[in-house]
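S.K.: Sharing a structure below in structure tokens format, with a few things to ask.
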Amino acid sequence: MVMTITEKILAGHAGKNKVSPGENVWVHVDVLMSNDVIAPQMIGIFEEHFGPDAAVWDTDKVVMIPDHYIFTADPKAHRNIDIMREFVARKGIRHYYDADFIPPGFEGMPQPYSDPTKTPYMGVCHVTLPQKGHTRPGELLLGTDSHTCTHGAFGQFASGIGSTDGAFVMGTGKLWLKVPPTLKFIFNGEMPPYLMAKDLILHIIGHIGHDGATYMAMEITGPTVMSLNMDERMTICNMAIEAGGKNGIIPADEVTLEYVRSRTDKPFETVDADADAEYAGVYEWDASKIEPTVACPHSPGNGATAREKSDVKIDRSYIGSCTGGKTTDFIAAATVLAGKTVKVDTYIVPATTEVDADMDRCKVGGKTLREIFSAAGCKIGPASCAACLGGPVDTFGRANEPITVVSTTNRNFPGRMGHKEARIYLASPLTAAASALTGYITDPREYIR
Amino acid sequence: MENVIRGKVFVLGDNIDTDQIIPAEYLSYNPADADERRYFGKYALIGVPPTQSGLPDGNIPFVVGDEFASEFTVVIAGKNFGCGSSREHAPLALAEAGVSVVVAQSYARIFYRNSVNGGYLVPFETPNRLVEKFTTGDEIEIDTAAAVLKNLRTSEQFDLSPLGDVGPIIAAGGVFDYAKQEGML
């Protein structure tokens with residue numbers, strides 16, 4: 001009965017003792033998440049098939065999070081939040097993080113929350129879920145967003161699904177899933193100060209390719225990975241989808257448990273891989289040999305070292321999103337930017353209001369992150385997905401011209417951040433901050449010893 | 450699913466991601482609204498860089514001018530079709546534009562699931578790369594039961610991979626119909 005973590009969680013949720021890769025199983029879902037750009041379609045499909053009066057399967061297991069198109073004057077975006085809000089109220093869904101500064105029927109560009117600690121609004125769903133205690137080890141979480149794989153960082157099975165699957169889960173609590181074979185990635189050695197989790201995952205994707213883990217589970221482990229905090233582990237699992245992975249997963253340990261227990265009282269059971277579990281492939285690297293890494297346009301698999309790209313002139317640096325806009329990301333950026341001035345437009349977008357509040361709470365060299373970024377000349381926006389996925393043309397930080405951007409986000413496909421011909425280089429917050437100071441893609445070792 | 454599908458092909462390359470299929474700026478349209486749903490057909494594949502749109506020549510718009518549908522009803526593509534976001538608007542946009550079949554070397558997982566479970570289109574996989582074997586505009590015929598694709602211009606025939614496990618879901622019309630058929634709903 002030997003199994004990987006992913007196989008064990010799927011077996012447990014399918015009521016089976018054992019599952020094998022390639023097998024299709026019906027699983028019970030612990031948490032279903034949706035956001036403002038997908039929920040309207042999902043709600044439409046739910047009502048079409050179950051009827052307008054149907055109850056959702058469990059009002060305590062559905063989480064709705066407005067985050068994608070918030071700070072825009074697009075009336076359809078506001079309308080979509082209204083659809084979500086109305087559905088949540090009508091069905092009695094218990095977990096909803098309302099954009100309260102966009103009242104029903106609102107027109108125009110909304111004013112952001114005035115105090116990030118005094119709004120129910122959180123922001124980016126994949127950082128909200130753990131911060132609000134919805135991600136727990138051993139559980140099975142599905143979300144109508146491809147970066148739902150982020151939550152594998154907590155030792156759970158988490159994967160992105162579409163609106164039809166989401167509607168099906170919302171009505172039944174179940175879904176069929178194909179059990180994926182597992183690839184294992186091991187990083188050894190101490191994490192060098194100039195590297196971040198983003199470098200590790202860009203290294204993996206650059207190595208196996210943009211479809212190198214299609215339909216597979218990616219188990220990421222080893223002493224280097226287990227030395228990272230939860231923000232950093234989330235960065236790694238967030239980008240499993242950029243290698244085509246069905247899920248990314250990092251075993252839960254004391255770091256995980258401490259984080260989760262500080263956020264929720266709900267019971268859970270951690271799941272570990274069997275020592276002799278079978279893997280479809282095992283990759284092993286020494287972290288000290290890895291350099292600060294970037295993904296060149298127009299694929300996350302188009303890897304290179306920052307050093308190799310040091311002649312690429314940039315027009316913009318962007319630090320934000322579920323993968324690159326967490327508190328740890330901003331502390332890293334602040335260590336580089338402290339006391340200096342940026343040479344190009346530099347956008348700072350906290351993932352959530354909690355991260356936004358951390359910018360006033362966390363200090364580097366005696367100054368808050370917000371003070372450091374303001375003094376460096378950065379533009380700081382409110383919490384949301386913002387320009388990571390382009391969005392409406394009035395979105396903060398959107399690449400509306402064919403410019404070159406170094407970005408801590410997760411995708412660089414044509415048009416992803418707006419303009420079809422914009423060139424996006426994905427990089428760690430350290431590299432994005434160092435590049436902001438020089439106007440060229442810059443290895444952060446020039447600023448970090 | 451029809452036994453025989455005929456149509457004109459639109460040829461694309463590798464790694465056609467969901468932002469190329471339907472760019473994020475159009476996601477504020479609500480597909481649950483019949484009027485707004487039509488716009489997904491109008492903007493289908495509008496994010497493909499012009500030189501890659503309609504191979505081998507490129508610069509062929511998938512949907513022309515003010516139309517809401519395409520003259521091309523079959524898409525032939527390379528590896529990793531539909532990678533990127535989980536937006537079900539992607540297969541929906543292709544279906545709204547009139548596409549009933551995509552033939553690709555491989556698919557990103559979520560796009561494939563969405564196509565099948567939402568009953569939008571049939572995602573056939575081909576064991577051999579076909580991108581260079583077709584010219585945008587070629588008339589083709591697919592025998593869906595036999596999983597054979599024929600280029601009517603060149604009379605060449607190609608075996609497609611059998612639909613396998615998802616065949617019954619596609620035949621039922623999507624996961625809801627399949628679950629009803631199986632007595633699960």
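Chains as they are written, first to last, in our numbering: chain A, 1 to 449; chain B, 450 to 634.
Cβ atoms here follow ideal geometry from the backbone N, Cα and C, with glycine treated the same way.
#1: Exposed or buried, Val597(B), counting other C-beta atoms within 10 Å across all chains shown (16 or more means buried)?
#2: The alpha helix (DSSP H) with Ile619(B) in it runs from where to where?
#3: For the region 456-486 of chain B, which residues have a CB atom closer than 7 Å to at least one CB atom of chain A, in sequence order?
#4: Kindly say whether Glu644(B), judged by its beta-carbon, lies nearer than 8 Å to any beta-carbon of chain A.
#5: Interface residues of chain A around Val624(B) at Cβ under 9 Å?
#6: Less than 8 Å separating the beta-carbons of Glu269(A) and Thr6(A)?
#7: When you compare only the Cα positions, how much space is there between Glu107(A) and Tyr69(A)?
#8: Secondary structure at Glu590(B), three-state DSSP: helix, strand or coil?
#9: Mind checking whether Met216(A) and Leu183(A) have CB atoms under 8 Å apart?
#10: Cβ atoms of Asn188(A) and Asp286(A): under 8 Å apart, would you say?
#11: Quick one: what's Val271(A) bridged to in DSSP?
#12: Report all residues from its chain with a CB closer than 8 Å to the CB of Asp468(B); omit the five preceding and five following residues, and keep chain order.
#13: Can you name the start and end residues of the alpha helix (DSSP H) that Gln131(A) belongs to?
#14: Look at the alpha carbon of Val2(A) and the alpha carbon of Ser428(A), and state the distance between them as a whole number of angstroms.
#15: Could you check the C-alpha separation between Asn479(B) and Gln630(B) for me, to the nearest Å?
#16: Answer yes or no: does any C-beta atom of chain A fall closer than 8 Å to that of Ser555(B)?
#17: Can you find the residues in the same chain that come closer than 8 Å, C-beta to C-beta, to Leu476(B), ignoring five residues on each side of it along the sequence?
#18: Less than 8 Å between the beta carbons of Asp113(A) and Thr395(A), yes or no?
#19: Could you tell me which residues DSSP puts in a beta bridge with Glu219(A)?
#20: Taking 7 Å as the cut-off, does the CB of Tyr283(A) come closer than this to any heavy atom belonging to the ligand FAD?
#21: How would you write the range of the alpha helix (DSSP H) that Lys491(B) sits in, first residue to last?
#22: Among Thr144(A), Phe168(A), Glu47(A) and Trp57(A), which one has its Cα closest to the Cα of Ile161(A)?
#23: Write down every uninterrupted run of the beta strand (DSSP E) in the region 284-328 of chain A whose length is 3 residues or greater and which is fully enclosed by it, in chain order.
#24: In chain B, which residues lie less than 7 Å from Pro40(A) when you measure between Cβ atoms?
#25: Against chain B, with Cβ distances strictly below 8 Å, would Gly25(A) count as a contact?
#26: Just the Cα atoms here: how many angstroms apart are Lys16(A) and Val271(A)?
#27: For Ser534(B), write down the residues that DSSP places opposite it in a beta bridge.
#28: Could you check whether Ile236(A) and Ile250(A) sit closer than 8 Å to each other, using their CB atoms as the reference points?
#29: Roughly how many angstroms separate the alpha carbons of Tyr440(A) and Lys313(A), rounded to a whole number?
#30: Use the C-beta contact count for Thr335(A): other C-beta atoms within 10 angstroms, 16 or more gives buried, fewer gives exposed.
#31: For Glu401(A) and Gly613(B), what's the separation of their Cα atoms in angstroms?
#32: Taking buried to mean at least 16 other C-beta atoms within 10 Å of its own C-beta, is Leu601(B) buried or exposed?
#33: For Val624(B), which three-state DSSP category applies?
#34: Please specify which runs of the beta strand (DSSP E), each continuous and at least 3 residues long, are wholly inside the region 137-189 of chain A, giving them in chain order.
#35: In the DSSP assignment, the beta strand (DSSP E) including Met3(A) goes from what residue to what residue?
#36: Starting from Asn24(A) and walking both ways along the beta strand (DSSP E), at which residues does that stretch end?
M.R.: Quick look at the numbers:
#1: Walking along the second sequence from the start, residue 597(B) turns up at place 148. Looking at its Cβ environment, which holds fewer than 16 other Cβ atoms inside 10 Å, Val597(B) is exposed.
#2: Position 170 of the second sequence, counted from the start, is the residue given in the question as residue 619(B). That run of the alpha helix (DSSP H) goes Gly616 to Ala621.
#3: Asn464, Asp466, Asp468, Gln469, Pro472, Ala473, Glu474, Leu476, Ser477, Tyr478, Asn479, Pro480 and Ala481
#4: Residue 644(B) is absent from the model: chain B starts at 450 and stops at 634.
#5: For the purposes of this step, residue 624(B) is identified with residue 175 of the second sequence, where counting begins at 1. Those within 9 Å of Val624(B) in chain A are Thr164, Asp165, Phe168, Leu175 and Trp176.
#6: Numbered from 1 along the first sequence, position 269 holds the residue referred to as residue 269(A). Numbered from 1 along the first sequence, position 6 holds the residue referred to as residue 6(A). Going by C-beta atoms, Glu269(A) is not nearer than 8 Å to Thr6(A).
#7: Locating residue 107(A) in the first sequence gives position 107, where the first residue counts as 1. Locating residue 69(A) in the first sequence gives position 69, where the first residue counts as 1. In a straight line, the C-alpha of Glu107(A) is about 14 Å away from that of Tyr69(A).
#8: Numbered from 1 along the second sequence, position 141 holds the residue referred to as residue 590(B). DSSP places Glu590(B) in strand when its eight states are reduced to three.
#9: Counting from 1 along the first sequence, the entry for residue 216(A) is found at position 216. Counting from 1 along the first sequence, the entry for residue 183(A) is found at position 183. Yes, Cβ-Cβ distance for Met216(A) and Leu183(A) is below 8 Å.
#10: If you number the first sequence from 1, residue 286(A) lands on position 286. If you number the first sequence from 1, residue 188(A) lands on position 188. Yes.
#11: Here residue 271(A) refers to the residue found at position 271 when the first sequence is read from its first residue. Note: Val271(A) sits in no beta bridge, so no partner.
#12: Position 19 of the second sequence holds residue 468(B). For Asp468(B), where only same-chain residues beyond five positions count, the Cβ hits under 8 Å are Gly496, Gly533 and Ser534.
#13: On the first sequence, residue 131(A) is found 131 positions in, with the first residue counted as 1. Its alpha helix (DSSP H) spans residues Cys125 to Gln131.
#14: Here residue 2(A) corresponds to residue number 2 of the first sequence, with the count starting at 1. Here residue 428(A) corresponds to residue number 428 of the first sequence, with the count starting at 1. For Val2(A) and Ser428(A), the gap between their C-alpha atoms comes out near 37 Å.
#15: The residue you call residue 479(B) lines up with position 30 of the second sequence. The residue you call residue 630(B) lines up with position 181 of the second sequence. Asn479(B) and Gln630(B): Cα-Cα distance of roughly 29 Å.
#16: Position 106 of the second sequence, counted from the first residue, corresponds to residue 555(B). It does: the Cβ of Ser555(B) has a partner Cβ on chain A nearer than 8 Å.
#17: If you number the second sequence from 1, residue 476(B) lands on position 27. Correct list, in chain order: Arg536 and His538.
#18: To locate residue 113(A), count along the first sequence from 1; it is residue 113. To locate residue 395(A), count along the first sequence from 1; it is residue 395. Checking the displayed sequence, the identity of residue 113(A) turns out to be Tyr instead of Asp. The answer is no: Cβ separation not under 8 Å.
#19: Indexing the first sequence from 1 puts residue 219(A) at position 219. Bridge partners of Glu219(A): Lys184(A) and Ile249(A).
#20: Among the components of this structure there are no ligands whatsoever, and the ligand FAD is therefore not found.
#21: Counting from 1 along the second sequence, the entry for residue 491(B) is found at position 42. Residues Ala483 to Lys491.
#22: By one-based count along the first sequence, residue 161(A) stands at place 161. The shortest C-alpha separation from Ile161(A) is found at Thr144(A).
#23: 293-295, 303-305 and 316-320
#24: For the purposes of this step, residue 40(A) is taken as the residue at position 40 of the first sequence. Within chain B, the residues near Pro40(A) are Asn479 and Ala481.
#25: The residue given as residue 25(A) occupies position 25 in the first sequence. The question names Gly, but residue 25(A) is Val in the sequence shown. No, its Cβ sits nowhere closer than 8 Å to a Cβ of chain B.
#26: Counted from its first residue, the first sequence places residue 16(A) at position 16. Counted from its first residue, the first sequence places residue 271(A) at position 271. Lys16(A) and Val271(A): Cα-Cα distance of roughly 15 Å.
#27: Position 85 of the second sequence holds residue 534(B). None, per the DSSP bridge assignment.
#28: As a position in the first sequence, residue 250(A) is number 250, starting the count at 1. As a position in the first sequence, residue 236(A) is number 236, starting the count at 1. Cβ distance < 8 Å, so Ile250(A) and Ile236(A) count as in contact.
#29: Within the first sequence, the letter at position 440 stands for residue 440(A). Within the first sequence, the letter at position 313 stands for residue 313(A). Their Cα atoms are separated by approximately 4 Å.
#30: Residue mapping note: residue 335(A) aligns to position 335 of the first sequence, counting from 1. Result: buried.
#31: Here the question's residue 401(A) lines up with position 401 in the first sequence. Here the question's residue 613(B) lines up with position 164 in the second sequence. Their Cα atoms are separated by approximately 45 Å.
#32: Here the question's residue 601(B) lines up with position 152 in the second sequence. The residue is exposed, with fewer than 16 neighbouring Cβ atoms inside 10 Å.
#33: As a first step, residue 624(B) is located in the second sequence; it is residue number 175 there, counting from the start. Helix.
#34: Those beta strand (DSSP E) runs which fall completely within the region 137-189 of chain A and span 3+ residues are 140-143, 157-160, 174-178 and 182-188.
#35: As a first step, residue 3(A) must be located in the first sequence, where it is residue number 3. Met3(A) -> no beta strand (DSSP E), and no H or E assigned at all.
#36: By one-based count along the first sequence, residue 24(A) stands at place 24. Run containing Asn24(A): Asn24 to His28, per the beta strand (DSSP E) assignment.
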